[in-house]
Amino acid sequence: MPYMHLIASPTELEICKLKEDKKLSETFCFLTTGFGMLESTLSLAEFLEKQKIEGVILFGVGGAYTDTGIDILDVCIAEKEFLGDFGVAFGDEIKYFENNLLNKKRDFDLKNDFFNDIKNKFIAHRIPYKSGNFVTVNSCTGTLKRGIFLQNKFNAICENMEGAAIAKVCEFYCVPLVEIRCVSNIVENRDESKWKTEEAINKGSEILTKILPKVIK
Numbered sequence: 001m002p003y004m005h006l007i008a009s010p011t012e013l014e015i016c017k018l019k020e021d022k023k024l025s026e027t028f029c030f031l032t033t034g035f036g037m038l039e040s041t042l043s044l045a046e047f048l049e050k051q052k053i054e055g056v057i058l059f060g061v062g063g064a065y066t067d068t069g070i071d072i073l074d075v076c077i078a079e080k081e082f083l084g085d086f087g088v089a090f091g092d093e094i095k096y097f098e099n100n101l102l103n104k105k106r107d108f109d110l111k112n113d114f115f116n117d118i119k120n121k122f123i124a125h126r127i128p129y130k131s132g133n134f135v136t137v138n139s140c141t142g143t144l145k146r147g148i149f150l151q152n153k154f155n156a157i158c159e160n161m162e163g164a165a166i167a168k169v170c171e172f173y174c175v176p177l178v179e180i181r182c183v184s185n186i187v188e189n190r191d192e193s194k195w196k197t198e199e200a201i202n203k204g205s206e207i208l209t210k211i212l213p214k215v216i217k
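For the sequence shown, the working numbering begins at 1 and goes up steadily by one.
So, in structure tokens, the structure goes:
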């Protein structure tokens with residue numbers, strides 16, 4: 001049976017439990033893209049050049065912005081991805097380059113039929129989730145003030161370091177993308193002692209192994 005869909009994650013830690021699931025391995029192939037926009041762009045583009053894929057699921061952890069009603073270990077699905085810090089940094093704020101200078105998109109709409117299929121499976125299994133705008137950054141936000149700036153700028157719920165890059169590649173190859181993140185931390189003044197990275201990976205993996213075999217029939 002040919003592989004039809006791809007599960008991609010930035011790190012082996014995030015994807016390893018999904019790769020170990022026998023049901024998923026029958027209908028999905030897997031890619032560890034590498035951490036950040038540069039590595040993820042190159043690895044996914046190389047993969048899609050060689051293999052026909054009908055849809056990509058990007059799974060990983062993310063940081064939730066404050067005052068969004070989202071807490072650590074909540075699962076989030078991206079409706080739109082934004083390039084969050086491509087500009088000139090002034091302390092905790094960013095002055096963005098003009099669009100006519102860049103001649104490129106800053107945002108990617110991820111509300112497609114594949115998105116609807118995944119969302120409906122969450123609903124059918126009564127699995128709570130939040131959906132909204134995601135922000136992709138080159139540098140993780142380490143202060144509450146910068147997090148508030150990005151949250152307000154993009155009306156966003158969480159941030160990550162790969163989503164917009166993966167979305168750009170999928171758009172180029174005309175492949176639908178669904179991005180799912182389990183929250184490992186709150187975006188505030190950085191305190192890694194509060195993070196729950198391993199727990200977020202485990203929870204997200206458990207949910208995906210439950211619903212994804214139902215998506216691909």
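Even glycine gets a Cβ: it sits at the ideal position worked out from N, Cα and C.
Original post:
What is the DSSP secondary structure of S205, counted as helix, strand or coil?
Top reply: helix
**OP:** Apply the 10 Å Cβ neighbour rule to R126 and answer buried if 16 or more other Cβ atoms are within range, or exposed otherwise.
**Re:** exposed
Subject >> CA nearest to the CA of M5, picked from A124, I180, P176 >> reply: A quick correction: the sequence has His, not Met, at residue 5. Among A124, I180, P176, the Cα nearest to that of H5 belongs to P176.
Original post:
Given 8 Å as the limit, is there contact between the segment 149-164 and the segment 45-55, that is, 3 or more CB pairs closer than that?
Top reply: no
Original post:
Along the chain, where does the beta strand (DSSP E) that runs through S9 open and close?
Top reply: 5-9
Original post:
What separation, rounded to the nearest whole angstrom, lies between the Cα atoms of W195 and K17?
Top reply: 20 Å
**OP:** Rounded to whole angstroms, what's the CA-CA distance from L38 to I123? Just pull it up for me.
**Re:** Whole-angstrom Cα-Cα distance: 34 Å.
Subject >> Whole beta strand (DSSP E) elements within the segment 145-172, 3-residue minimum >> reply: 156-160
Original post:
According to DSSP, what are the bridge partners of E219?
Top reply: Any property of residue 219 remains undetermined from this structure, which presents the chain solely from 1 to 217.
**OP:** Helix, strand or coil for E20, going by three-state DSSP, please let me know.
**Re:** coil
Original post:
Rounded to the nearest angstrom, how far is the Cβ of R146 from that of D74, given a contact under 8 Å?
Top reply: With a beta-carbon spacing of about 21 Å, R146 and D74 fall beyond the 8 Å limit used to define contacts.
**OP:** Identify the continuous beta strand (DSSP E) that holds D67 and give its terminal residues.
**Re:** D67 -> no beta strand (DSSP E), and no H or E assigned at all.
Subject >> Endpoints, the beta strand (DSSP E) within which N133 is located >> reply: Element bounds for N133: 130-136.
**OP:** Give every residue of the same chain whose Cβ lies closer than 8 Å to the Cβ of K119, excluding the five residues on either side of it in the sequence, and list them in chain order.
**Re:** I77, Y129, S131
Original post:
With DSSP run on the structure shown, which of helix, strand or coil describes L110?
Top reply: Residue state for L110 is assigned as coil, using DSSP reduced to three classes.
Original post:
Shorter than 8 Å from the beta carbon of H125 to some beta carbon of chain B?
Top reply: Among the protein chains of the structure shown there is no chain B, as only one such chain exists.
Original post:
When burial is assigned at 16 or more other CB atoms within 10 Å of the CB, is D191 buried or exposed?
Top reply: The Cβ neighbour count for D191, taken over all protein chains shown within 10 Å, is under 16; the residue is labelled exposed.
Original post:
In terms of residues, what are the limits of the beta strand (DSSP E) holding L83?
Top reply: 75-83
Original post:
Nearest-angstrom Cα distance between L58 and E179?
Top reply: 5 Å
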